[in-house]
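*Asks:* Quick one: this structure, given as structure tokens, is what I'll be asking you about.
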Amino acid sequence: MSIRRIFGMVLRYFLYFKHSFDRMSDVFYWPTIDLLLWGLTSSYFRSFISDKNHIIMMIVSGILLWIIVWRGQYEITVNLLEELWSKNLINLFVSPLKFSEWLVSVVIVGILKAVISFSFAGLVAFMLYKVKIFSLGFYLLPLSGLLIITGWWVGFLVGGLILRYGTKIQTFAWAAVMLISPFSAIYYPLSTLPAWAQKVAVFVPTSYVFEGARQVIDHGSLDWNKLLVCLAINLVYLTLALRFINSSFSKILKKGLVKVY
Amino acid sequence: MDNVLEVKNLVQKFNVGKRNEFIAVNNISFSLKEGEILGLLGPNGAGKTTTIQMLLGVLTPTSGAINYFGKDFSRFREEILEQVNFSSTYTELPWNFTVSECFEFITYLYDISDRKTRIKKIIDIFRLNNLLDKEMHQLSAGQKTRVNLAKAFLNFPKVLLLDEPTASLDPDVASYIRDFLLEERKKFNVSIILTSHNMAEVDEVCDRVIFINHGEIVADDTPDNLAKTIDVSHISLYVKDGLKRTIEYCHNQQLAYHLEGRDIIIDVREKEIPDFLRKLMDKGVYYDEISIDKPTLEDYFLSVSQQKRR
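Chains A and B are the protein sequences, given in the same order. Counting from 91, one number per residue, gives the positions in the first sequence under the working numbering. Counting from 2, one number per residue, gives the positions in the second sequence under the working numbering.
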């Protein structure tokens with residue numbers, strides 16, 4: 091792996107970020123709108139319950155943590171799409187750039203943008219609702235790490251599909267990760283889900299993270315065993331997704347990169 | 002001169018449907034010498050672009066071997082691509098990047114020691130100073146071609162693959178680029194493979210031409226030698242008297258001709274030209290102006306393309 095080439099690709103995506111109002115709005119605008127809508131909704135609901143601040147903390151921390159999953163997968167899928175839209179894929183791969191280096195670059199961009207977006211949304215949440223997401227303290231690190239890994243494997247999975255089927259399935263780049271959101275129990279306890287959905291949630295790593303975050307908010311502690319289970323599931327999915335996107339790239343090389351559009 | 006590229010028994014098959022396959026490139030072998038400019042010619046769909054894609058590693062060959070600088074391309078891809086580059090009209094640089102931003106990130110993909118100096122030099126050579134801050138979508142087709150071509154020189158390539166390098170360029174810029182290619186070859190011994198539909202350009206620039214049709218190499222020779230295989234010259238006459246008799250004679254002798262007013266261009270085999278002119282004289286045809294054009298590479302191109310179509 092070449093750090094220079096990876097840096098070149100990270101630079102390419104940050105230059106794109108600088109030029110694209112769409113991408114700016116993805117990082118700043120939508121998280122703010124989510125916070126406003128959900129925060130105001132939970133503010134309304136808190137008039138019906140006794141533990142007034144708890145509900146806001148639950149909802150707002152859910153929004154903030156979901157940003158990490160979202161960004162992790164979004165940077166992989168949308169940056170791949172961007173190369174297809176701009177017909178630039180050939181220019182990249184006639185250079186010594188390896189596919190694995192491209193993958194690493196979009197993962198790095200995902201981490202950096204997640205940090206920017208999460209920090210910005212965290213600031214907005216504090217200003218609007220006095221919610222201090224960083225009060226989760228050290229626990230925020232493993233929880234965020236597990237969430238971004240989920241973003242990666244979803245991104246690799248969808249990226250592999252886009253390589254195989256092209257832009258006609260591009261909507262998956264935005265929509266696919268939402269499939270796991272109901273089972274992730276982002277804004278509500280896992281026990282709220284129907285029994286069958288709880289069985290599905292066992293295989294959805296993000297469900298462990300959001301349950302864990304609520305545990306930290308409620309009790310100030312974390313069940314590390316559950317996080318280890320989450321890590322194990324995440325690593326299995328990540329390995330499979332990586333194999334899938336690599337095989338998709340090899341497969342498309344047999345048809346020719348110019349055929350992907 | 003050493004070979005910088007050797008292609009052996011290259012085959013590319015594509016599946017068409019579940020059972021059929023289409024052979025785009027059929028067992029071709031050729032080499033490229035250091036400092037040589039090789040033209041890859043052929044009608045649309047002949048297999049030129051497929052061949053170039055395999056040479057760039059963006060299409061995996063079904064079988065065969067590609068060696069650059071004596072090394073297997075499939076094993077030493079990164080090392081080899083450091084010394085190879087490509088420009089084409091069918092790829093684009095990011096549409097919302099300025100020209101300088103395109104060059105900036107691309108230089109990081111190659112092992113270039115002094116990026117800023119190299120970029121500045123390329124900008125000067127390709128006369129891009131006034132375009133640097135323009136975004137790619139603001140450029141004309143010709144300007145984009147020039148930027149794409151400049152991009153191909155960023156890494157001091159030893160081998161360049163150029164697909165229609167002067168397409169959409171103004172004649173003066175195209176001529177400047179052709180001179181630049183010849184100069185680069187002279188100074189740095191750069192080896193170039195180029196495809197073009199401009200036969201005059203191929204004739205001017207290329208040392209050797211490979212003609213591909215239906216995925217197979219049908220000729221491999223210098224432009225002059227290929228043109229010489231065609232023995233039909235074009236005789237242009239401005240007929241003052243006897244145009245009808247001339248046309249009748251062409252019909253009788255089954256000679257192809259093209260008429261514009263009183264100007265007639267007739268295709269005649271080289272060795273039959275004296276006899277043809279004498280026959281016209283015998284028939285009382287009186288012409289004012291005459292020119293005889295020897296066969297060109299374009300005639301060869303048309304001849305082979307038409308033969309294969311039949």
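Cβ atoms here follow ideal geometry from the backbone N, Cα and C, with glycine treated the same way.
#1: Is serine 197/B helix, strand or coil by DSSP?
#2: Would you call valine 150/A buried or exposed, if buried means 16 or more other Cβ atoms sit within 10 Å of its Cβ?
#3: Look at the Cβ atom of isoleucine 53/B, then the Cβ atom of leucine 150/B, and state whether they are nearer than 7 angstroms.
#4: Just how far apart, CA to CA, sit aspartate 300/B and lysine 229/B?
#5: What would DSSP say about isoleucine 29/B, mapped onto helix, strand or coil?
#6: Going along the chain, which residues of the region 172-192 of chain A sit with their C-beta nearer than 7 angstroms to a C-beta in chain B?
#7: For my contact list, valine 5/B and phenylalanine 70/B are in at a C-beta cut-off of 8 angstroms; report their separation, rounded to the angstrom.
#8: Would you give the residue range spanned by the beta strand (DSSP E) that isoleucine 259/A belongs to?
#9: Give the C-beta separation of phenylalanine 262/A and valine 294/A to the nearest angstrom, bearing in mind that I take them to be a contact with Cβ-Cβ under 8 angstroms.
#10: Taking a Cβ distance cut-off of 8 angstroms, strictly less, list which residues of the region 93-118 of chain A are near chain B, in chain order.
#11: Measure the CB-CB distance between isoleucine 154/A and alanine 211/A and report whether it falls below 7 angstroms.
#12: Within the continuous alpha helix (DSSP H) that includes arginine 78/B, where are the two ends?
#13: For the region 95-107 of chain B, which residues have a beta carbon sitting closer than 8 angstroms to at least one beta carbon of chain A?
#14: For a test of your reading of the model: does the CB of arginine 128/B fall under 6 angstroms from any non-hydrogen atom of the ligand ATP? Yes or no.
#15: If glutamine 13/B sits next to threonine 50/B, beta carbons under 8 angstroms apart, how far is it from one beta carbon to the other, in whole angstroms?
#16: In chain A, which residues lie with their C-beta within 9 angstroms of the C-beta of tyrosine 91/B?
#17: On a CA-only basis, which of Ile223/A, Trp243/A, Gly98/A is nearest glutamate 102/B? Give me that one, please.
#18: Within the continuous alpha helix (DSSP H) that includes glutamate 191/A, where are the two ends?
#19: Count the other C-beta atoms from every protein chain shown that fall within 10 angstroms of the C-beta of serine 176/A, then say buried if there are 16 or more, exposed otherwise.
#20: Can you pull the DSSP bridge partners for threonine 99/B?
#21: Determine, using beta carbons only, whether tryptophan 242/A and glycine 162/A come nearer to each other than 7 angstroms.
#22: For leucine 57/B and chain A, any beta-carbon pair shorter than 7 angstroms?
#23: Kindly indicate if chain B contains any beta-carbon less than 7 angstroms away from that of leucine 230/A.
#24: Where do the ends of the alpha helix (DSSP H) carrying arginine 304/A lie?
#25: From cysteine 251/B to aspartate 225/B, what distance separates their C-alpha atoms?
#26: Please classify isoleucine 38/B as buried or exposed, where buried requires at least 16 neighbouring CB atoms within 10 angstroms.
#27: Indicate whether the contact test is met: 3 or more Cβ pairs, each with one atom in the region 164-180 of chain A and one in the region 241-260 of chain A, closer than 8 angstroms.
#28: So, at 7 angstroms on beta carbons, what are the nonlocal neighbours of lysine 1/B in its own chain, with the 5 sequence-adjacent residues on each side left out?
*Replies:* On the basis of the supplied data:
#1: Taking the first residue of the second sequence as position 1, residue 197/B is located at position 196. Serine 197/B: coil per DSSP, three-state reduction.
#2: Taking the first residue of the first sequence as 1, we reach residue 150/A at position 60. Buried: at least 16 other Cβ atoms inside 10 Å.
#3: For the purposes of this step, residue 53/B is taken as residue 52 along the second sequence, with counting starting at 1. For the purposes of this step, residue 150/B is taken as residue 149 along the second sequence, with counting starting at 1. In this structure, leucine 150/B does not lie closer than 7 angstroms to isoleucine 53/B by Cβ.
#4: Along the second sequence, read from residue 1 onward, the residue named residue 300/B stands at position 299. Along the second sequence, read from residue 1 onward, the residue named residue 229/B stands at position 228. Approximately 10 angstroms between the Cα atoms of the pair.
#5: Along the second sequence, one-based indexing puts residue 29/B at 28. Strand, per DSSP.
#6: Ser176, Lys177, Asn178, Ile180, Asn181, Phe183, Val184, Ser185, Pro186, Leu187, Lys188
#7: Locating residue 5/B in the second sequence gives position 4, counting from the first residue. Locating residue 70/B in the second sequence gives position 69, counting from the first residue. Contact holds; Cβ gap of about 6 angstroms.
#8: Residue 259/A sits at position 169 when you count from the first residue of the first sequence. Here isoleucine 259/A belongs to no beta strand (DSSP E), and DSSP marks it neither H nor E.
#9: For the purposes of this step, residue 262/A is taken as residue 172 along the first sequence, with counting starting at 1. For the purposes of this step, residue 294/A is taken as residue 204 along the first sequence, with counting starting at 1. Not confirmed; about 18 angstroms, so no contact.
#10: Arg94, Arg95, Phe97, Gly98, Met99, Leu101, Arg102, Leu105, Tyr106, His109, Ser110
#11: For the purposes of this step, residue 154/A is identified with residue 64 of the first sequence, where counting begins at 1. For the purposes of this step, residue 211/A is identified with residue 121 of the first sequence, where counting begins at 1. Per the sequence shown, the amino acid found at residue 154/A is leucine instead of isoleucine. Contact: yes.
#12: If you number the second sequence from 1, residue 78/B lands on position 77. From DSSP, the alpha helix (DSSP H) with arginine 78/B extends over 78-82.
#13: Pro95, Trp96, Asn97, Phe98, Glu102, Glu105, Phe106, Ile107
#14: In terms of ligand content, the structure shown is empty, and the ligand ATP therefore cannot be addressed.
#15: Numbered from 1 along the second sequence, position 12 holds the residue referred to as residue 13/B. Numbered from 1 along the second sequence, position 49 holds the residue referred to as residue 50/B. So it is not a contact: roughly 11 angstroms between Cβ atoms.
#16: Within the second sequence, residue 91/B is the residue found at index 90, counting from 1. Neighbours of tyrosine 91/B on chain A, chain order: Lys177, Ile180, Val348.
#17: If you number the second sequence from 1, residue 102/B lands on position 101. The option with the nearest alpha carbon to glutamate 102/B is Gly98/A.
#18: As a first step, residue 191/A must be located in the first sequence, where it is residue number 101. 189-219 is the extent of the alpha helix (DSSP H) around glutamate 191/A.
#19: The residue given as residue 176/A occupies position 86 in the first sequence. When all chains shown are included, serine 176/A counts as buried.
#20: Taking the second sequence and counting its residues from 1, one reaches residue 99/B at position 98. Note: threonine 99/B sits in a beta bridge opposite Glu136/B.
#21: As a first step, residue 242/A must be located in the first sequence, where it is residue number 152. As a first step, residue 162/A must be located in the first sequence, where it is residue number 72. For tryptophan 242/A and glycine 162/A, yes; Cβs fall inside 7 angstroms.
#22: By one-based count along the second sequence, residue 57/B stands at place 56. Chain A, which has a Cβ nearer than 7 angstroms to the Cβ of leucine 57/B, makes this yes.
#23: Along the first sequence, one-based indexing puts residue 230/A at 140. False, the Cβ-Cβ gap to chain B never drops below 7 angstroms.
#24: Counting from 1 along the first sequence, the entry for residue 304/A is found at position 214. Residues 295-309.
#25: Here the question's residue 251/B lines up with position 250 in the second sequence. Here the question's residue 225/B lines up with position 224 in the second sequence. In a straight line, the C-alpha of cysteine 251/B is about 28 angstroms away from that of aspartate 225/B.
#26: Counting from one through the second sequence, the residue named residue 38/B turns up at place 37. Classification for isoleucine 38/B: buried.
#27: yes
#28: With chain B covering 2 to 311 only, the question about residue 1/B has no answer from this structure.
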